[in-house]
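This report refers to the structure that appears directly beneath it.
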Amino acid sequence: MDDKKRGPVFLARPHRLGPGACAALVAALSAAPVMASPAAAEAPSRLALTWSAPPGCPQLDEFRAWLSGHLGAAADPAGYPGLTTQGALEREGAGWRLRLVIARDGTRGEKTLRGRHCEELARSGALALAIAIEPGLAGAGAEAEAGPEPESGQVPAPPEPGQVPGPAEPGQVPAPPEPGSASGQARGPIPEPAAEPAGENAPGVGEIEPPPASAGPLTPPRPRVAVGHALRLAVGLEAGALPGVGAGLLGGYALRLPGVRLELTANWWPGRRREYAEPAGVGARAQVGAAGLRVCPTPRLRRGGPTGAGRVELPLCAGIELGVLVARGSGFAGARTVRTLWAAAELEPAAVWRFTRRMALWGSAALVVPITRESFAVDPLPELFVIGAAGFRAAVGLEVHLGREKN
158 MDDKKRGPVF LARPHRLGPG ACAALVAALS AAPVMASPAA AEAPSRLALT WSAPPGCPQL
218 DEFRAWLSGH LGAAADPAGY PGLTTQGALE REGAGWRLRL VIARDGTRGE KTLRGRHCEE
278 LARSGALALA IAIEPGLAGA GAEAEAGPEP ESGQVPAPPE PGQVPGPAEP GQVPAPPEPG
338 SASGQARGPI PEPAAEPAGE NAPGVGEIEP PPASAGPLTP PRPRVAVGHA LRLAVGLEAG
398 ALPGVGAGLL GGYALRLPGV RLELTANWWP GRRREYAEPA GVGARAQVGA AGLRVCPTPR
458 LRRGGPTGAG RVELPLCAGI ELGVLVARGS GFAGARTVRT LWAAAELEPA AVWRFTRRMA
518 LWGSAALVVP ITRESFAVDP LPELFVIGAA GFRAAVGLEV HLGREKN
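Structural data, given as structure tokens:
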């Protein structure tokens with residue numbers, strides 16, 4: 158028989174088959190009994206089998222039916238106490254991967270098959286698992302390897318309709334059933350197992366692929382972390398750090414992870430003027446532009462609907478901002494502009510209410526503590542103003558939410 162009909166073989170204990178034995182194995186499977194006893198037919202249904210496959214691929218009942226068909230009369234009528242089998246079918250790139258595991262009497266074996274179509278791969282896995290459960294199905298192959306080479310013309314005649322063919326004699330290859338016979342109708346062609354990529358260290362037919370040292374029970378793949386993004390634009394008021402009270406413009410980006418936000422922010426507080434009482438008109442205008450980085454633990458106050466609308470979150474942000482403070486003198490000869498470093502720590506509790514799937518209302522109140530505190534004066538006049546020990550900000554704006562995230 159053509160060696161191309163050999164498929165991946167998965168065994169639970171060491172058992173090596175030669176090329177001739179593999180050909181006889183396929184022949185023996187083709188001539189398997191047509192009808193099994195009721196007890197043997199029920200044995201595979203009592204087998205401890207765990208199977209996972211995505212929708213659209215063969216599920217547990219279909220895979221168990223293929224496995225029962227391959228076991229046939231070879232199935233143990235008493236079932237298989239102490240034997241556990243697992244199969245996990247999942248996509249791998251443009252194809253599919255099937256991982257089979259069998260454990261019996263403290264021995265554990267593992268095999269991985271790959272193919273382009275999940276159904277063909279599942280059929281191949283059923284055949285490989287049947288041979289692993291009942292190594293006796295490969296007995297004809299072992300005898301053929303030990304016996305003499307078959308002589309020309311020494312091919313037995315096909316069995317009579319309804320007759321159960323026996324095992325092949327040493328040196329003989331049983332002929333396939335005639336088309337239309339009971340044997341040919343009861344058993345369809347055994348699908349050719351999907352070929353694995355050949356490599357220098359690829360396991361041969363009949364060999365056990367040793368499981369990795371840390372191999373454990375099959376577990377479903379870990380769900381990916383829900384990641385969302387938010388873009389924010391807001392307006393606000395500030396008092397305490399710069400002279401007087403003034404409005405500003407704020408923006409930010411937030412990486413939204415489960416239970417926390419990581420934010421990059423930017424803010425600009427336009428110039429505010431401070432003048433001396435005497436001489437009139439002499440003074441300066443101060444403004445700040447800065448960027449910040451902060452971490453925001455984000456408890457959820459209210460869950461949203463299926464689209465996330467109605468969700469309420471309460472970020473509590475802490476971080477630091479760096480920028481430039483610009484003071485521009487005016488009202489006197491030789492007035493000039495001074496630029497100095499602006500550095501401040503900030504603590505900002507906020508609230509976010511998502512009113513549609515993508516849009517949310519954002520509001521905050523922040524405490525800003527300047528780290529660099531400069532004072533400004535027009536020589537020879539006294540001090541004009543000094544950066545305050547603390548500033549208070551309040552802002553409101555809109556956020557656009559992007560990405561995928563758990564509700």
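The sequence shown stops at residue 564 when you use my numbering, and every number in between is there. Built from N, CA and C at the ideal position, the CB exists for glycine as well.
- DSSP places H558 inside the beta strand (DSSP E), whose first and last residues are G548 to G560.
- Relative to V481, the option among T513, G440, L294 and W425 whose CA is nearest is W425.
- Residue environment analysis places H274 among the exposed positions, since fewer than 16 neighbouring C-beta atoms fall within 10 angstroms of its C-beta.
- With 16 or more neighbouring CB atoms inside 10 Å of its own CB, F533 falls in the buried class.
- If you draw a straight line from the Cα of L559 to the Cα of A383, it comes to about 12 Å.
- Within the same chain, T455, R457 and V509 come within 6 Å of E470 by CB-CB distance, once the 5 residues on both sides are set aside.
- In this structure, A502 sits away from L479, with a CB-CB distance that is not shorter than 8 Å.
- Within the same chain, Cβ atoms closer than 6 Å to the Cβ of I259 are found at A169, T242, G266 and A289, the five residues on either side in sequence being excluded.
- Taking C-alpha positions only, F489 is separated from G428 by approximately 18 Å.
- Distances from the alpha-carbon of A552 to those of L388, L406 and E435 put L406 closest.
- The C-alpha of A287 lies about 6 Å from the C-alpha of L224.
- At a Cβ-Cβ threshold of 8 Å, G252 and G282 do not count as neighbours.
- Listed as beta-bridge partners of F512 by DSSP are no residues whatsoever.
- Between the alpha carbons of R515 and L524 lies a distance of about 29 Å.
- In this structure, A398 and I544 form a Cβ contact; the two beta carbons are roughly 6 Å apart against a cut-off of 8 Å.
- In the DSSP secondary-structure assignment, G480 is bridged to A447 and W499.
- Between A441 and L541, the gap from beta carbon to beta carbon is short of 8 Å.
- Bridge pairing for Y433: absent [DSSP].
- Residue nearest to C214 within the set A232, E277, G226 and L257 is E277 (criterion: CA-CA distance).
- Per DSSP, I259 is one residue of the beta strand (DSSP E) stretching across G252 to R261.
- For A492, same chain residues with a beta-carbon under 7 Å away, outside a window of 5 residues either side, are G486 in chain order.
- The three-state secondary structure of E291, taken from DSSP, is coil.
- Per DSSP, the beta bridge partners of W425 are L406 and G446.
- Here A391 is bridged, per DSSP, to L407 and G554.
- Here F220 is buried, its C-beta having at least 16 other C-beta atoms within 10 Å.
- Each residue's CA atom was taken as its position, placing P400 and G548 some 10 Å apart.
- A check of alpha carbon separations from L255 across A396, G409, S209 and A222 identifies S209 as the nearest.
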